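Encoded as structure tokens, the structure appears first; notes follow it.
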Amino acid sequence: MEDGVKGSPIVTYTTIYKCSKFSLCLFFLPATAVIPLHNHPEMTVFSKLLLGTMHIKSYDLVDPVSSHDSPPHSQPRFARLVADNDFTAPCDTSVLYPTTDGNIHEFTAITMCEVLDVLGPPYSKADGRDCSHYEEFPFSAFSIVNLIYADGENSVNTEEGECYRWLEEIEVSENSQIDDK
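Per the numbering used here: the sequence shown = residues 585 to 765.
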């Protein structure tokens, strides 16, 4: 098996069907393979783990904005942790909405995994739906002054037990760990 970036096994995928309304993709992840933290802008995603055990970490932005109003790439965004759990097939289908239910997420295969995704509408650079990748930082890594809400407040009200992180958009190298087959 080939190694991807940083020694992680390469994730492969195939697009089974694509039209202007949706795309249907199948992902194959060898054990320990990672699909890095990424988003599905202005898209709804139905994701079904068909085989294996996978760790999923997902976030929602606390201050979601449309892709037209997005801050510069270097500006960290405040996010609430939605899931940080292991899932084993068969399990429920997850539904990710454009700004809720963990639209920014990372998959780590514990065992060999297969995942079926239905994305509606599909990725489209021309329509502003290009995938972005993120790096996460602890809440304390950036000043709270960086957190600005639409109403101008600089405070965060957290529910007991909730976990927050800063997410910063990053460039992914051309030697990505994902290969279209």
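Just so you know, even glycine gets a beta-carbon here, dropped at the ideal spot from N, CA and C.
Computed from a predicted structure; not experimentally measured.
| Check | Outcome |
| --- | --- |
| Residues that Phe630 bridges to, as DSSP identifies them | Val679 and Val702 |
| Beta carbon of Pro705 nearer than 8 Å to that of Ser642 | no |
| Distance between Pro660 and Leu731 (C-alpha atoms, nearest Å) | In this prediction, Leu731 scores a pLDDT of 46, lower than 50, which makes its location untrustworthy; the coordinate-derived value is nonetheless stated afterwards. About 9 Å. |
| Bridge-paired residues (DSSP) for Asp647 | The partner list for Asp647 (beta bridge, DSSP) is empty, contrary to what the question assumes. |
| Element boundaries [beta strand (DSSP E), containing Asp714] | Here Asp714 belongs to no beta strand (DSSP E), and DSSP marks it neither H nor E. |
| Opposing strand residues paired with Ala673 [DSSP bridges] | DSSP lists no partner for Ala673. |
| Integer-rounded CB distance, given that Tyr718 should sit under 8 Å from Leu621 | 4 Å |
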